[in-house]
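Data first, discussion second: the structure below is written as structure tokens.
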Amino acid sequence: MKKKLIIIGGGAAGFFAAINAAELNSELEVVILEGSSKVLQKVKVSGGGRCNVTHACFTPSELVEFYPRGKKELRGPFHQFMTGDTMEWFENRGVPLKIEDDNRIFPESNSSQTIIDCFLESAKYAGVVLKTSTRVDSLEKQNDQFIVKTNSEEFIADYVLVASGSNTKVWNIMEGLGHSIVQPVPSLFTFNITDKRLQDIPGISVPNASVKVLNSKLAEQGPLLITHWGLSGPGILKLSAWGALEFYKQEYNFEIEVNWLSKKQEAILEFLKSQKKKQAKKQVTLRSGFEEIPKRLWEKFVIDSEIPSDSQWAQLSNSQLETISKQLTQSVFKVHGKSTFKDEFVTAGGVDLKEINFKRFESKLHKNLFFAGEILNIDAVTGGFNFQNAWTSGWIVANAISN
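Using my numbering, read the sequence shown as starting at -18 and increasing by one per residue.
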């Protein structure tokens, strides 16, 4: 009699575990149950439709630093399956990957469909059974097996892997089995800000700003993007991940200080004084001298510093130069809410990590019940790290079951 593995969730972690388990043990019957009509939807939209597969960080002790929740627990698993293993896995299946300047790793095709096609073909070839529009309604332990009831049929499984991501209904089912759920709160979101300095210039970005939350130790650095609603970009998204719990408690009302150049105010002031000499007869709003600051953003800073838009550099007083230097290095903005960053939407919270054996990603409460991916209280900053958690946990579960 073949043993049966039921996987709840047809996302990244579920597919990766299914393919590896079926390939490692041909005597294992592997079935994926996906509640919606489509699989791998997060893979499809991630990285702007290019799929940010993982990140070029090849040391476990460094890689765990990108996980606000799960850092300690993932150190051991990353010694078993890392970013280099992920790259090799895909390349062995005819999906070459490339490392970009910011160390994010994408398929050379620049299309997430390449990853989806690889999964679908590998799963089919390995004999994985895929059932879409199959919602799990209940899960019960009966002796050494599990009874999985769905909206359409009932399954008896020897092993169950829960890889359903941020699914409230499945979390409730896990609570019914005795597992604790850490309250889920959003992570990776953009900041809603209403401020005349950011109005009418969506799409403008700066390459390397520093952002800190006032009255807090939270701070991050990275590219910033001005949106219709406020601020986004890697610098903001990283900050939202590290501050997910704190921002939730504050109901997403707090203040941030932005240093648009990540340089000291004194150095910026000296540079502005040199610009005053160099460009004495030129109009201030036309050119700032900072390559990193787009012209339209510079104009906003000049106008907000109460400098007439037709002023020449020679007309600026030292106190006006100081005001602009503070705009560039100490801009304070009031955040009043958040917007979901759809490409990388992630939740902090999930199954309590104390209840998991991370050598196998297996429940400590129920033998042969496994977890992978975002169902657990593990999340990372943006840049391919959440997918790496999916690949690592899926691979370890596949090996634990197949052996």
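Cβ atoms here follow ideal geometry from the backbone N, Cα and C, with glycine treated the same way.
Source: prediction; values computed, not measured.
Q.
For S133, which residues in the same chain have their Cβ closer than 7 Å to its Cβ, ignoring the five residues on either side in sequence?
A. Around S133: T115.
Q | Meets three-Cβ-pair contact criterion under 8 Å: the region 323 to 337 and the region 345 to 359 | A | The region 323 to 337 makes contact with the region 345 to 359, as at least three CB pairs between them are under 8 Å.
Q: Below 7 Å CB to CB, which residues in the same chain sit around K345 once its five sequence neighbours on both sides are set aside?
A: Once the five neighbours on either side are set aside, the close Cβ partners of K345 are E336, I337, N338.
Q. Can you name the start and end residues of the alpha helix (DSSP H) that V283 belongs to?
A. Residues 276 to 285.
Q | Distance, W241 Cα to F71 Cα | A | Between F71 and W241, the alpha-carbon positions lie close to 38 Å from each other.
Q: Could you check which residue in K198, I13, S7 has the C-alpha nearest to that of G(-10)?
A: When each option's Cα is compared against that of G(-10), the closest is I13.
**Q.** Q256 - containing alpha helix (DSSP H), residue span
**A.** Q256 -> alpha helix (DSSP H) spans 246 to 259.
Q) In three-state DSSP terms, what is A37? A) If DSSP states are grouped into helix, strand and coil, A37 belongs with coil.
Q | Alpha carbon of R50 to alpha carbon of A329, nearest angstrom | A | It is roughly 7 Å from the alpha-carbon of R50 to the alpha-carbon of A329.
**Q.** At least 3 beta-carbon pairs within less than 8 Å: the region 264 to 281 vs the region 230 to 246
**A.** Under the Cβ criterion (8 Å, minimum of three pairs), the region 264 to 281 counts as touching the region 230 to 246.
Q. What do you reckon, are the CB atoms on S300 and V265 nearer than 9 Å?
A. Contact: no.
Q.
Measuring only the C-alpha atoms, how far is I377 from L158?
A. Roughly 23 Å separates the two Cα atoms.
Q) Terminal residues of the continuous alpha helix (DSSP H) containing Q308? A) Annotation: the continuous alpha helix (DSSP H) that includes Q308 extends over 299 to 310.
Q: Pull up the distance between the alpha-carbon of I0 and that of L111, whole angstroms please.
A: I0 and L111: Cα-Cα distance of roughly 11 Å.
Q) Applying the criterion that 16 or more other CB atoms from any shown protein chain within 10 Å of the CB defines a buried residue, is G375 buried or exposed? A) When all chains shown are included, G375 counts as buried.
Q: Would you mind sorting N384 into buried or exposed? The rule is 16 or more other CB atoms within 10 Å of its CB.
A: It is exposed - the Cβ of N384 has fewer than 16 other Cβ atoms within 10 Å.
Q: Given a cut-off of 9 Å, decide if S119 and K130 are closer than it, judged by their beta-carbon atoms.
A: Contact: yes.
Q) Should Q221 go down as buried or exposed, given a rule of 16 or more other Cβ atoms within 10 Å for buried? A) What sits at residue 221 in the sequence shown is Ser, not Gln. That one is buried.
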